[in-house]
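Notes follow once the structure below has been shown.
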């Protein structure tokens with residue numbers, strides 16, 4: 001992997017997904033806010049650029065081929081997103097909801113932040129369920145259609161929404177909103193640090209929220225920085 005001051009955060013993560021953990025460690029947004037250069041990201045977050053770039057260079061040695069998402073066909077990437085990240089969300093939401101409701105009810109009088117965390121979580125949960133449905137019923141089928149059209153040499157496919165840019169713009173707006181809600185949750189929870197003497201449910205809630213946010217960051221990265229740009233280029237090629 002070439003280290004360059006002109007390379008964006010998103011480009012690093014696209015090249016090697018394992019760099020995501022490094023950016024997260026330094027508090028650098030690699031999904032919705034990944035369009036800026038590492039140099040600018042370091043200045044913005046007061047990070048030593050030389051230290052960061054050394055870690056980026058080191059992580060390249062342990063790149064896992066199975067996670068080289070940028071080389072996957074778009075239809076396969078969609079299948080992966082649906083069966084890994086969408087499934088994870090649908091399986092996790094009821095569990096986290098149960099924890100959040102219980103912690104807010106039992107501990108809200110001592111820790112008022114958990115009441116707000118509960119409200120924010122249920123807000124983002126409803127938004128994500130609606131968001132995934134739109135992707136699975138509108139955007140993803142059209143991208144798969146584009147992939148198939150290229151294979152078969154078909155031209156001039158006209159989507160009902162005008163251009164693939166339109167649903168992509170909406171999906172990325174919703175990604176940013178979900179990311180912002182989780183930033184609020186992380187701040188309220190002191191980066192998912194349970195208070196001293198917290199019960200097991202309290203600890204489980206924060207651990208699960210932390211895990212959920214990390215998965216969401218990877219999920220958004222795959223769509224914003226790989227799937228969407230390639231779908232836009234593919235549509236131009238077909239049309």
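Residue numbers (full-length UniProt numbering): 1 to 239.
The beta-carbon is built from N, C-alpha and C at its ideal position, and this holds for glycine as well.
Quick caveat, the model's predicted, so the values are computed rather than measured.
- When C-beta atoms of the region 75-89 are compared with those of the region 214-222, three or more pairs fall below 8 Å, so the two segments count as touching.
- Between the alpha carbons of residue 233 and residue 146 lies a gap of roughly 10 Å.
- A direct Cα-to-Cα measurement between residue 199 and residue 193 gives close to 13 Å.
- Around the beta carbon of residue 19, 16 or more other beta carbons sit within 10 angstroms, so the residue counts as buried.
- In the same chain as residue 151, and ignoring 5 residues on each side of it, no C-beta atom comes closer than 8 Å to its own.
- Residue environment analysis places residue 2 among the exposed positions, since fewer than 16 neighbouring C-beta atoms fall within 10 angstroms of its C-beta.
- By the C-beta density criterion, residue 34 is buried, having at least 16 other C-beta atoms within 10 angstroms.
- A check of alpha carbon separations from residue 184 across 169, 9 and 116 identifies 116 as the nearest.
- With fewer than 16 other Cβ atoms inside 10 Å of its own Cβ, residue 76 counts as exposed.
- In this structure, the alpha-carbon of residue 196 lies about 15 Å from that of residue 103.
- Residue 8 has its alpha-carbon roughly 15 Å from the corresponding atom of residue 50.
- For residue 133 and residue 168, the gap between their C-alpha atoms comes out near 14 Å.
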